[in-house]
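Going by the working numbering, the first residue of the sequence shown is number 183, and it counts up by one from there. Beta carbons are placed, not taken as given, at the ideal position from N, Cα and C, and that holds for glycine. Structure first, then comments.
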Amino acid sequence: MWVSGLTALLSHWRRHPLQLLTLVAGLAAATALWTGVQAINAEARASYDEAATALGQGTETRLTRRDGEAMPTESFAELRRMGWLVSPVVEGRLGRVTLVGIDPFTLPPSPTRPALTDGESLGRFVSEGVVQAHPETPDVPGIRYEIAANLPVGEAVTDITTAWELLHRREISYFVLLPDQPRGLPPLPEGLVRSEQDTGAEIARLTRSFHLNLTAFGFLSFAVGLFIVHAAMGLAFEQRRAMFRTLRALGLPTGTVTTLIAAEALALATVAGALGIGLGYLIATALLPGVAATLGGLYGASVPGSLTLDWRWMASGAALAFVGAMAATATNIWRAARMPILAPARPRAWAMANARALRWQAVAGLVFLAIAGIIAATGHRWEAGLLAGFTMMGGLLFGAALILPLALDAALSLLQPLAKGPVAAWTIADTRQQVPGLSLALMALLLALAVNIGVGTMVSSFRATFTGWIEQRLASELYVTASTADQARELEAFLEANTDKAIPLRTTEARLREAPGDILGVIDHVTYREGWPLVVSEPDAWARVAAGTGALVNEQLWRREGLSLGDPLRLLPDWELPVAGYYTDYGNPRGQAMVGQEELLARVPDISPLRYAARLDPARIPELREELEALGIQPGAILDQATVKRFSLDVFERTFLVTGALNVLTLGVAAFAILASLTTLGTMRLPQVAPVWAMGITRSRLAWLELARAALAGALTFILALPLGLAVAWALLTVVNVQAFGWRLPLLPFPLDWARLGVLALLAAVAAALIPALRLARTDPSRLLKVFADER
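Given below as structure tokens:
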């Protein structure tokens with residue numbers, strides 16, 4: 183009996199192969215997007231862990247200069263003579279690669295350096311100038327890598343002597359302080375400070391918000407795809423009501439029927455889940471280079487551009503496929519269990535939800551919207567975090583989606599009196615009648631459009647604000663960096679003599695409110711007064727900074743610590759200044775304070791001024807560049823304003839490549855949901871279409887009306903999605919963005935972008951209706967005539 187019952191259930195899919203394809207494709211698409219995002223997140227986190235353990239630097243103590251500058255090589259011998267067990271490290275950039283020079287004889291042994299575990303390899307590493315790098319690390323002209331898959335992408339490791347030769351400088355960036363130091367050591371030399379480093383954990387902390395954003399996108403995509411599955415499952419149940427009644431009448435117990443329905447769902451989930459995991463792998467492989475560019479641009483994190491198979495994200499995709507299938511089938515199982523044995527055999531249109539059900543659905547939507555409103559109104563009082571921000575957005579999106587059918591019905595009822603002629607009136611009435619059947623697909627479209635509008639508005643607002651900020655901050659025409667203190671003095675004299683103004687850029691690291699940060703020393707100059715964008719400040723903020731009686735902080739520090747004007751800020755153990763204002767500082771994850779340069783040098787006199795900004799006529803830059811190179815300044819250390827702006831904006835554009843790709847994918851899934859609903863409902867609509875055809879409307883005209891009906895539903899959905907998308911953009915900019923990055927952006931209007939998205943929504947709806955319309959145009963007249971012969 184079990185076999186006979188299962189065979190009867192599965193026979194439905196043999197008679198409706200397109201419906202089966204819709205169900206499997208919907209669940210596979212939902213699983214694919216979720217799995218792809220989880221695969222990307224897993225690869226990134228594995229890269230952070232790898233970076234944390236490479237070279238034994240998972241958690242290490244470093245000795246650095248207080249001002250962050252490099253140290254002479256003599257420092258190593260000095261520290262060793264004092265008894266301190268240290269290992270020197272030099273770091274520098276060669277193109278897109280970070281070159282790290284180590285002393286393998288003093289650096290602690292590490293299992294992540296298998297190439298240096300024997301005397302022969304150690305000898306080659308030192309004597310032959312071996313440079314080890316991950317296979318995906320970019321090439322550097324003149325350097326041949328020895329493959330070391332344990333190293334992070336973008337980092338090359340060599341002996342410290344070889345690194346000095348390749349970097350054309352002889353200095354030490356920092357010392358690694360070895361564990362188990364001798365007792366009774368003298369104090370460290372003045373100017374050296376200890377700093378605990380946990381590279382992988384720090385990067386993981388900074389990127390947590392980005393990965394949470396990706397996860398939210400993946401879950402939203404899964405929810406959109408699940409609408410397709412729920413619709414197909416619900417339609418299959420309604421079409422098999424007669425079959426269930428017959429099986430029950432033949433003696434099959436209710437428990438057996440429900441078990442068979444669940445087993446069928448699990449079987450379909452197994453097939454769709456396997457397809458979804460495979461598609462997710464392809465999606466992740468395609469998107470991972472963009473994610474790597476994003477993480478590198480925002481946080482300086484190195485992530486490989488290739489994907490590694492991991493059972494954890496594969497298991498996550500499979501589990502979610504089963505959960506999704508069971509969630510979509512749960513209602514059907516409950517209805518089958520409660521269905522009387524003599525239930526009517528006549529198939530009801532699954533799509534024609536009754537008014538009471540829609541009202542309860544709208545009530546649930548209002549509850550979701552109320553939750554979102556409560557979080558929006560009270561979140562500032564209890565410092566709503568990222569989870570609260572995403573909860574608020576979830577309430578907005580799903581609340582609006584649940585209300586959508588009634589909202590569309592109300593909008594169509596308002597359009598009904600405006601119809602001119604019986605055909606137009608029938609088209610609007612028919613569209614209104616089909617809203618319940620299309621509700622799940624239109625909900626998916628609403629969610630996809632709202633997220634596209636919200637994220638697109640956020641990105642465009644960020645782009646416009648960031649571009650204006652770059653124009654203000656990069657006011658100087660030329661930026662030059664010296665390699666030594668002696669060269670810096672020569673550079674300063676040259677710039678003073680050959681430019682309008684040489685502005686020394688002096689920075690030192692500090693603990694700002696118990697977190698790592700930077701202190702910037704600035705001079706009293708019009709470049710800062712007119713070009714530096716202050717958000718909130720006292721009227722005489724710049725005068726107080728110049729006088730050494732006030733400090734400006736970046737927005738990240740201001741918001742993170744809840745600062746206000748006049749609050750005291752401890753900069754050094756013996757130095758405290760009141761806050762005179764805060765400024766925007768996009769892209770910087772650290773806290774930052776700006777003080778008068780003279781006051782900073784009085785407190786920290788050993789800061790070496792290696793970097794300078796110069797004001798001059800831009801036309802003189804090519805000539806000045808040649809003269810600077812003649813002084814020994816490396817070409818890569820001379821940057822003009824246009825180059826820096828171009829690089830910054832390029833990083834910005836690469837940062838949001840992944841967001842754009844995910845937007846397109848969610849819109850594509852929504853279009854497929856509409857196609858699935860229209861296709862599966864096509865045959866069920868013949869009783870509504872046949873009388874109109876019999877009254878003289880040709881099949882081709884009916885097909886055009888089908889396209890018009892889809893376009894009308896798509897247009898109304900877009901109109902309702904626009905305010906919802908703007909609400910999502912507001913939530914992203916004022917809640918999520920602040921919690922994730924520490925800065926707030928203005929919400930700017932971009933009507934042309936919204937208009938383009940509206941056109942895309944119409945095209946998606948019409949494209950989804952194209953196949954059903956062609957099928958209607960080619961329907962055999964005999965099928966339409968049978969409508970009048972069949973008992974209905």
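Would a C-beta distance cut-off of 7 Å place M640 and L586 closer than the cut-off?
-> No.
P220 versus A497, V549, P368 and V279, residue with shortest Cα-Cα distance = The sequence shown places Gln at residue 220, rather than the Pro named in the question. Comparing Cα-Cα distances from Q220 to each of A497, V549, P368 and V279, the minimum goes to A497.
Q314: buried (16+ other C-beta within 10 angstroms of its C-beta) or exposed?
-> Buried: at least 16 other Cβ atoms inside 10 Å.
Using the C-alpha atoms, what's the distance from L622 back to T573?
-> When only Cα atoms are considered, T573 and L622 end up about 22 Å apart.
Count the other CB atoms within 10 Å of the CB of G366; is the residue buried (16 or more) or exposed (fewer)?
-> It is exposed - the Cβ of G366 has fewer than 16 other Cβ atoms within 10 Å.
Straight-line CA distance for A911 to G703?
-> Straight across, the Cα-Cα distance linking A911 with G703 is about 36 Å.
Distance, Cα to Cα, Q779 vs I803?
-> Between the C-alpha atoms of Q779 and I803 there is a straight-line separation of about 27 Å.
List the whole-angstrom C-beta distance separating Y794 from A684, where the pair is believed to meet the contact cut-off of C-beta under 8 Å.
-> 6 Å between Cβ atoms; contact.
Mapping DSSP to helix, strand and coil, what is A684?
-> In the structure shown, the three-state DSSP call for A684 is strand.
Tell me L734's beta-bridge partners as DSSP assigns them.
-> G763 and M776.
Backbone CA spacing between A895 and V941 [nearest angstrom] = CA-CA distance, A895 to V941, rounds to 13 Å.
Does the Cβ-Cβ distance between K827 and L656 come in under 7 Å?
-> Contact annotation: K827 and L656 have beta-carbon atoms nearer than 7 Å.
Three-way DSSP call (helix, strand, coil) for G462 in this model | In the structure shown, G462 falls within a helical segment according to DSSP collapsed to helix, strand and coil.
In angstroms with no decimal places, state the Cα-to-Cα distance between Q615 and I557.
-> Whole-angstrom Cα-Cα distance: 36 Å.
Contact the region 808 to 817 vs the region 703 to 716: 3+ CB pairs below 8 Å | No contact exists between the region 808 to 817 and the region 703 to 716.
Roughly how many angstroms lie between the CA atoms of L245 and L457, to the nearest whole one?
-> Our two residues, L245 and L457, have alpha carbons roughly 52 Å apart in a direct line.
Check whether the Cβ atoms of T690 and V786 sit closer than 7 Å, and answer yes or no.
-> Contact flag set, yes.
Limits of the beta strand (DSSP E) - the one that A796 falls within = Counted as a single uninterrupted DSSP element, the beta strand (DSSP E) harbouring A796 occupies residues R793 to R797.
Look at A212 and F404 and say whether their C-beta atoms are less than 7 Å apart.
-> The answer is yes: Cβ separation under 7 Å.
With DSSP as the reference, please indicate the residues paired to A692 in a beta bridge.
-> In the DSSP output, where bridge partners are listed per residue, A692 has G699.
Which residues in the same chain as T681 place their Cβ atom closer than 7 Å to its Cβ, once the five residues preceding and following it in sequence are excluded?
-> Correct list, in chain order: A796, R797 and L798.
Helix, strand or coil at I901 [DSSP, three-state] | Under the three-state reduction of DSSP, I901 is assigned to helix.
Should H983 go down as buried or exposed, given a rule of 16 or more other Cβ atoms within 10 Å for buried?
-> Beyond the ends of the chain as shown, which are 183 and 974, falls residue 983; an answer cannot be given.
Output the boundary residues of the alpha helix (DSSP H) element that contains T428.
-> R423 to A431 is the span of the alpha helix (DSSP H), which, as asked, contains T428.
Beta carbon of G506, beta carbon of F550: below 7 Å?
-> The criterion of a C-beta distance shorter than 7 Å is not satisfied by G506 and F550.
Secondary structure at T961, three-state DSSP: helix, strand or coil?
-> Reduced to three states, the DSSP call for T961 is coil.
Beta-carbon contacts of A509 that lie in its chain and below 6 Å, excluding the five residues immediately before and after | There are no such residues.
What's the gap between the Cα of Q543 and the Cα of E888?
-> For Q543 and E888, the distance between alpha carbons rounds to 27 Å.
Among A824, K968 and I901, which residue has its Cα nearest to the Cα of V871?
-> Between V871 and the set A824, K968 and I901, the nearest pair of CA atoms involves K968.
Could you tell me the boundaries of the alpha helix (DSSP H) in which L188 lies?
-> L188 -> alpha helix (DSSP H) spans W184 to R197.
Taking the alpha-carbon positions, what's the V545 to A552 distance?
-> Using only the alpha carbons, I get a separation of about 10 Å.
Beta-carbon separation (whole angstroms), L289 vs F357, contact threshold 8 Å | Wrong, their Cβ atoms sit about 10 Å apart, outside the cutoff.
Find out if the Cβ-Cβ distance for the pair G283, T340 is shorter than 7 Å.
-> Cβ atoms of G283 and T340: closer than 7 Å.
Please list, in chain order, all residues of the same chain as E758 whose beta carbon is under 8 Å from its beta carbon, the five residues on each side excluded.
-> Around E758: P750, L751 and R752.
Beta-carbon contacts of A518 that lie in its chain and below 8 Å, excluding the five residues immediately before and after | Within the same chain, Cβ atoms closer than 8 Å to the Cβ of A518 are found at F419, F426, T436, V439, T440 and I443, the five residues on either side in sequence being excluded.
Determine, using beta carbons only, whether V411 and L579 come nearer to each other than 7 Å.
-> Their beta carbons are not under 7 Å apart, which means V411 does not touch L579 by this criterion.
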